[in-house]
Amino acid sequence: MNIETERLRPDPAGFERAARILRDGGLVAFPTETVYGLGGDARNDLAVARIFEAKGRPRFNPLIVHVDGVYTARRLVDWPDEAEILASAFWPGPLTLVLPLKPGTGLSSLVTAELPTLAVRVPAHPVAQSLLEAFGGPVAAPSANPSGRISPTMAEHVAAGLSGRIEAILDGGPCGVGVESTILGLADEPTLLRPGGLPVEAIEAALGRVVARHHADDPLTAPGQMASHYAPGAPVRLNATSARAGEVLLGFGSVECDLNLSPAGDLVEAAANLFGHLYRLDAMGADGIAVSPIPDTGLGAAINDRLRRAAAPRG
Ligand code: AMP
Ligand code: MG
Numbered sequence: 054m055n056i057e058t059e060r061l062r063p064d065p066a067g068f069e070r071a072a073r074i075l076r077d078g079g080l081v082a083f084p085t086e087t088v089y090g091l092g093g094d095a096r097n098d099l100a101v102a103r104i105f106e107a108k109g110r111p112r113f114n115p116l117i118v119h120v121d122g123v124y125t126a127r128r129l130v131d132w133p134d135e136a137e138i139l140a141s142a143f144w145p146g147p148l149t150l151v152l153p154l155k156p157g158t159g160l161s162s163l164v165t166a167e168l169p170t171l172a173v174r175v176p177a178h179p180v181a182q183s184l185l186e187a188f189g190g191p192v193a194a195p196s197a198n199p200s201g202r203i204s205p206t207m208a209e210h211v212a213a214g215l216s217g218r219i220e221a222i223l224d225g226g227p228c229g230v231g232v233e234s235t236i237l238g239l240a241d242e243p244t245l246l247r248p249g250g251l252p253v254e255a256i257e258a259a260l261g262r263v264v265a266r267h268h269a270d271d272p273l274t275a276p277g278q279m280a281s282h283y284a285p286g287a288p289v290r291l292n293a294t295s296a297r298a299g300e301v302l303l304g305f306g307s308v309e310c311d312l313n314l315s316p317a318g319d320l321v322e323a324a325a326n327l328f329g330h331l332y333r334l335d336a337m338g339a340d341g342i343a344v345s346p347i348p349d350t351g352l353g354a355a356i357n358d359r360l361r362r363a364a365a366p367r368g
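Position one of the sequence shown corresponds to residue 54 (my numbering), numbered consecutively onward.
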């Protein structure tokens, strides 16, 4: 994709333009107090799929959802006492809380990568706040850099990495903190999932207790490690040209099939449909799910990664 990337100023006209782009399913990079985020409407499957495409991410890992305040966060997730304590103490600010996702929020399943939890945060940067206010909805935003490169702390960094791949960059000058947000899991015992801009000691002082550190070899709550999360009930067979007896076919491109990820062969559309289509095919109760070949370029790499996990032998 090669689109013209608008450079927007952090003034009322810029915020309105950025909010309009988000409403239309486009992508806007914006400053937070940690690093620049690459934002898309967290309720729009296509917008979220385009975030992965623009970054060239080889995997669908869960994204942090940015909201304008505690009230909005509480509509999306369960809210234990610890969340209230930490939000009162540190929001807005560089703290992301991982909490059980409420049903019926309308969030794209690509945002949570099908986890039962959601990572949510209220950014403190005034430009981020003005954008969230103008948009009026949840914004999914990983760091605004191509996958594998360092996180951007200036609009120029974002432009160098993502120009031509996103609709706009909201220029708010350099970011203050320069490292990512601290991620704290609160779905079970409070657990530090990623150290970041807010020291864990400050969290422990507020909670009046020690916070568990996540160890690299613990079974992780992130989806890449959770093979079972990726497995539909029915066995999955990849690179199928047609369905065998008892199978349903998940198609791609112009093939005859039960559900098609993208009849036009568009990988962004396919990514947006992937999780929903797998659930629907699984619900049909077939003996197996056959899947058309999917090119391994662009978003195809993440789609194939997801499908290979679905097809892997069950442990
Ligand atoms: P980035 O995309 O660079 O902002 O990083 C987002 C981080 O949040 C990644 O390390 C994710 O694994 C983590 N994350 C997002 N959602 C969840 C979740 N529901 N549970 C655990 N970790 C999460
Ligand atoms: Mg990142």
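For glycine and all other residues, C-beta sits at the position ideal for the given N, C-alpha and C.
- Secondary structure of S216 (DSSP, three-state): coil.
- DSSP places V308 outside both helix and strand once states are collapsed to three, so it counts as coil.
- Counting only the Cα atoms, V88 lies some 6 Å from P205.
- Proximity of the beta carbon of A136 to ligand 1 is not indicated: no heavy atom of the ligand is located closer than 7 Å.
- Between A324 and A102, the C-beta spacing is below 8 Å.
- A Cβ-Cβ contact shorter than 8 Å links L129 with L154.
- Burial is judged here by how many other beta carbons sit within 10 angstroms of a residue's own beta carbon; D349 has fewer than 16 and is exposed.
- Taking the Cβ of P195 as the reference point, at least one heavy atom of ligand 2 falls within a distance shorter than 7 Å.
- With fewer than 16 other Cβ atoms inside 10 Å of its own Cβ, G157 counts as exposed.
- Distance from the C-beta of S204 to the nearest heavy atom of ligand 2 is below 7 Å.
- Within the DSSP secondary-structure output, Y89 pairs in a beta bridge with P84.
- The alpha carbon of V151 has as its nearest neighbour, out of G93, I104, A287 and L245, the alpha carbon of L245.
- Ligand 1 has no heavy atom closer than 7 Å to the beta-carbon of L163.
- With a beta-carbon spacing of about 4 Å, L352 and L320 fall inside the 8 Å limit used to define contacts.
- A check of alpha carbon separations from M207 across F68, A287, E86 and G226 identifies G226 as the nearest.
- Your pair L312 and R290 does not check out as a contact, with CB atoms roughly 15 Å apart and the cut at 8 Å.
- The beta strand (DSSP E) runs of length 3 or more contained entirely in the stretch 166-222 are, from start to end of the chain, 170-174.
- Burial state of S295 is exposed, judged by a 10 Å Cβ sphere holding fewer than 16 other Cβ atoms.
- By the criterion of a C-beta distance shorter than 6 Å, G78 is surrounded in its chain by N97, L99 and A100, once the five residues flanking it on both sides are discounted.
- Contact annotation: V264 and I256 have beta-carbon atoms nearer than 8 Å.
- Remark: the C-beta of P199 is outside contact range of ligand 1, defined as less than 7 Å to any heavy atom.
- It is roughly 21 Å from the alpha-carbon of V123 to the alpha-carbon of P115.
- Nearest C-alpha to P147 among E57, L251 and E167: L251.
- In this structure, the straight-line span from the alpha carbon of A221 to that of L61 is close to 7 Å.
- By the Cβ neighbour-count rule, D94 is buried, with 16 or more other Cβ atoms within 10 Å of its own.
- In chain order, D98 and S162 place their CB closer than 8 Å to the CB of G329, counting only its own chain and leaving out the 5 sequence neighbours on each side.
- Excluding residues up to 5 positions away in sequence, I236 lie with their Cβ nearer than 6 Å to the Cβ of R247 in the same chain.
- In the same chain as A355, and ignoring 5 residues on each side of it, the C-beta atoms closer than 8 Å to its own belong to F105, R110, P111, R112, F113 and A324, in chain order.
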